Each structure stands twice: as structure tokens, then as C-alpha cells.
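Everything on this sheet refers to the single structure shown next.
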Amino acid sequence: MPITIESEHDLNLDANSSIGSSPQELEGLRSKLINLYDHNANRYDNDRSLNNSLHYYFDQAHSAVDLLIGPTTKATLHLDMPVGTGRFLMYLREQDRNHRMIGIDISKGMLDVAARASRINKYDIEYSQGDAFNLPFADNTVDVLTSLRMFHLFPTCYWPGLLDEMHRVLKPGGILITELRNAARGTACQLLVPGFRKRRKQHPHVFVNPLSIKPLFRRWDDMQMQGVGLDALAKIHRIAPVLARGVDSLQRSTFVRYFSKTLIIKATKPV
Ligand SMILES: C[S@@+](CC[C@H](N)C(=O)[O-])C[C@H]1O[C@@H](n2cnc3c(N)ncnc32)[C@H](O)[C@@H]1O
């Protein structure tokens, strides 16, 4: 009988998820995720553009990652995984980035939406189906690997394996930029924002304590962490854009990042 999953909530994942690290459990999770995203692919972008504050957060996150990628040339090989509906790579094409971009995702439904949108916009982006745990690339071949909004889908016992696979395909000196859900913000909001606890229960995800991130990256050099998606910033931006920009810049380098929705991590594979 096919599994029907309407939202990430139905996956019933949480930081305290009981899912372990056996191959069968991972296989079960993989099929659920494929089902979820195949099922939601056609409405995925629409659902995420209805809400102004979500829209603002995506713009901020994409522009922060664009800056972190730094200079690229036509020869740069950039893998975005999971590419989803291709939003981030198309954003980069809109910024006139002209390097080679390949988007990998496990969901054929999401890839079809991405390929269609790229065709309509005449963006030269390659898409291919693949699994984060077994990337379809040889060792030491990729210059830049971006992985946005994926780790929260997997209990933390899988994170070292995912990071090792990313490390394998990157060239020495290649960079990884990824995004993790911030548990500290979850806790701060529970204390400070009325109703937050209830909202969080409606959308369970795997959160991470920012202070526990460093050991995960012990095989990497130059790890940096910044925040993105501070609550209320979208509203402030509408009233006082200059103030919003100032607060946003505080998320980059000060303690303010601990109140941000997500943490963007940049790390380099040692030469
Ligand atoms: C929350 S979406 C994020 C997509 C995209 N990065 C974005 O920001 O819009 C998560 C994506 O992870 C993909 N995914 C889930 N498990 C995967 C796996 N094992 N390998 C590759 N992609 C996977 C899903 O198909 C889905 O497109």
C-alpha cells in the first residue's frame, strides 16, 4: 500500500526521534521522503511564496550563501544537493553566475519541476536523480557543494555519514555551504514568543544546538557559522529597510545568530 504523506509533520521527525541508524530504518525514511516530495512537488514553490516572512527568509538565505560561495569561473563545478525545485541555482543564474551547475535530488517530482522552470527561463542547469548518501560523483571532483534545507530531515545519527559523503566528492580546497535548523532559537522563542511552542509542534524538524556543531566538522578547515531568518526581520524590513539590514548583518558575526531560524555553515575540505 503506498504511503501518503502530506507534510514534513507526517514524517514525525523531531530531535528526539526514535529512528536509529540501521539500513532498514534509513531505507524506510528514504521512501517516506521520496513520497512526500514527489507528492508535494507541484505545489512546493507556491506554498513557500504565500507567506511574506518566509519569502524574505529565502531571499536572505540565498543572498548569504551566494556571498559565501565567493568568486567562481566558468570552470567551477558547483553541485547543489538537494536541489529541490531548483530555486537556489536559478537565483544564482539571476545574479549572472555563469559557472557549471548540477542539481541532484532523490525526488523525480521535484527534479521535473526544477527542469521545467529552468527550461522556461532558459537557464543552463543540469539536473540528475541521486541520493545524498551515495552521490553520483567520483572522489575529489566538485569545487563547491551547497546543501540547503536538508539536514533537518534526518536524525542527527545520519549527519556524520552525510558530511563524509560530501567530503569525499569535494576537491581538496573545495567548499561546502550548508544550513541547519537552530535549536537555540527554538528554545529562546519558546521562552519569549507566545504560541511558539504550539507552532513548533505543528512542524517538527531536527534542530541542532549551535554549540554542538563544531565537532561535526572536525575533518574540515575554516568552519564559519552565521545566522539567517531572524523572526520579525521581514516586518522590520517593510517599515525600516536600513534598520533591517543592520540587524541582518549582526546575524553574520555576533551572538544574534543564536536567535536565527537557521545556521549557515561554510567549511573547506583541507588541501
Ligand atoms: C526541504 S527540501 C529543500 C530543497 C532545496 N534545497 C530548497 O532549498 O528548496 C528537501 C529536499 O531534499 C530531498 N531529499 C530528501 N532525501 C534525500 C536524499 N536522500 N538524497 C537527495 N535528496 C533528498 C527532497 O526530495 C527535497 O527536494
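Numbering (my numbering), first residue to last: 2 to 272.
All residues carry an ideal CB built from backbone N, CA and C; glycine is no exception.
For clarity, every value in this text was computed on a predicted model and none was experimentally measured.
Between residue 177 and residue 80, the CB-CB gap reaches or exceeds 7 Å. Residue nearest to residue 53 within the set 73, 266, 101 and 234 is 234 (criterion: CA-CA distance). Counting only runs of 3 or more residues that sit fully inside the segment 99-126, the beta strand (DSSP E) segments are 101-106, in chain order.
By the neighbour-count criterion, in which a residue is buried when 16 or more other Cβ atoms sit within 10 angstroms of its Cβ, residue 136 is buried.
DSSP places residue 143 inside the beta strand (DSSP E), whose first and last residues are 143-148. The beta-carbon separation of residue 166 and residue 134, rounded to 6 Å, stays under the 8 Å limit for a contact. Contact check for residue 148 against residue 82 passes: the beta carbons are separated by less than 7 Å. Shown here for residue 226: same chain residues with a beta carbon closer than 6 Å to its own, the five before and five after excluded, namely 264 and 266 in chain order. At least one heavy atom of ligand 1 lies closer than 6 Å to the C-beta of residue 106. Ligand 1 has a heavy atom closer than 6 Å to the beta-carbon of residue 132. Under the three-state reduction of DSSP output, residue 249 falls in the helix class. With respect to the 7 Å criterion, residue 70 and residue 102 are not classified as neighbours on the basis of their beta carbons.
Inclusion of residue 170 and residue 207 in the CB contact set at 7 Å is not warranted, their separation being larger than that value. Residue 40 carries a helical assignment under DSSP once its states are collapsed to helix, strand and coil. Between residue 60 and residue 66, the alpha-carbon positions lie close to 10 Å from each other. DSSP places residue 222 within a strand segment (E or B) once states are collapsed to three. Rounded to the nearest whole angstrom, the C-alpha separation of residue 37 and residue 27 is 15 Å.
The alpha helix (DSSP H) runs of length 4 or more contained entirely in the segment 134-183 are, from start to end of the chain, 160-170. The residue among 210, 31, 46 and 241 with its C-alpha nearest the C-alpha of residue 131 is 31.
Of the candidates 22, 158, 45 and 175, 175 places its Cα closest to the Cα of residue 141. Note on residue 181: 16 or more other CB atoms within 10 angstroms of its CB, so buried under the neighbour-count rule. For residue 266, the uninterrupted beta strand (DSSP E) run begins and ends at 261-269, by DSSP.
Note that the C-beta distance between residue 158 and residue 50 is not below 7 Å. The closest CA to that of residue 256, considering only 99, 247, 46 and 228, is found on 228. Rounded to whole angstroms, the Cβ separation of residue 115 and residue 85 is 7 Å, and the two are in contact under 8 Å.
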